[in-house]
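**Student:**
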Amino acid sequence: MDGDTIEIHGQRIRFNGIDAPESRQLCKDANGLDYPCGRRSAEALDAFLAESRPVQCTFVAWDRYHRFVGDCHRADGASVASWMVEHGQALDWPQYSHGTYADLQAQAKSARVGLWTGEFEAPWDWRAGHSDDPKPSTNRKFNLVNQGQIAQSYSCQPRRYCSQISSCEEARWYLSNCSWGGKLDRDSDGIPCEGLC
């Protein structure tokens with residue numbers, strides 16, 4: 021399916037603890053040119069899995085999209101998630117991995133393999149900016165100096181999520197003035213972004 025999801029007998033399985041670029045995501049190579057890193061990640065995964073079939077996955081949890089999340093290994097015992105991170109085709113996702121793949125990621129980064137040959141946006145950040153699905157965004161690009169947050173005036177475009185809002189006043193404005201503002205008040209108690217208000 022992509023660099024962190026496969027399908028076995030009609031069941032989609034999301035690899036536990038890693039995140040790969042989305043299929044539509046572009047990254048920059050060592051020369052600063054755009055390339056389809058999401059597609060490349062999926063191709064690398066496909067080639068890796070083809071070397072030793074079948075793949076077996078151990079259930080970990082169901083994710084918010086009702087996908088099976090698992091730890092998967094090839095027939096020869098190689099960990100799929102470890103290989104993807106080690107070869108720079110996916111990132112350790114600390115929110116779910118608790119740093120399980122951090123050392124492999126550090127090795128990939130220092131060896132400048134896969135994504136680490138150029139510049140890229142973390143997949144979770146890329147999704148936050150390219151879909152209606154609320155995901156926290158740190159607006160951080162790897163291998164780039166963070167230029168800092170640019171102050172945003174209140175506007176209903178683009179749609180925002182609590183993770184992107186800096187004050188209770190701002191959250192209340194979106195709730196009152198934007199068609200999507202109600203999504204900031206998940207429990208419908210009239211208080212948006214309760215971590216802020």
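What the sequence shown shows, in our numbering, is residues 21 to 217, in sequence order.
We treat Cβ as the ideally placed atom computed from N, Cα and C, and that holds for glycine.
Given a cut-off of 8 Å, decide if Tyr194 and Arg180 are closer than it, judged by their beta-carbon atoms.
**Tutor:** yes
**Student:** Which residue spans inside the segment 111 to 142 form an unbroken alpha helix (DSSP H) run of at least 4?
**Tutor:** As far as the segment 111 to 142 is concerned, its whole alpha helix (DSSP H) runs of at least 4 residues are 114 to 117 and 122 to 131.
**Student:** Who does Ser99 pair with in a DSSP beta bridge?
**Tutor:** His93
**Student:** Just grab the DSSP bridge partners of Ala81 for me.
**Tutor:** Under DSSP, Ala81 forms a beta bridge with Val89.
**Student:** May I have the straight-line CA-CA distance separating Arg84 from Gly37, to the nearest angstrom?
**Tutor:** 14 Å
**Student:** Would the segment 21 to 36 count as touching the segment 103 to 113 if we require 3 or more Cβ pairs under 8 Å?
**Tutor:** yes
**Student:** Pick from Ala128, Val105 and Gln127: whose alpha carbon is nearest that of Ser117?
**Tutor:** Closest by alpha carbon: Val105.
**Student:** Kindly provide the ranges of any beta strand (DSSP E) runs that are 3 or more residues long and lie completely inside the segment 28 to 79, ordered along the chain.
**Tutor:** With a minimum length of 3 residues, the unbroken runs of beta strand (DSSP E) contained wholly in the segment 28 to 79 fall at 31 to 35.
**Student:** Consult DSSP for Asp145 and reduce its assignment to one of helix, strand or coil.
**Tutor:** helix
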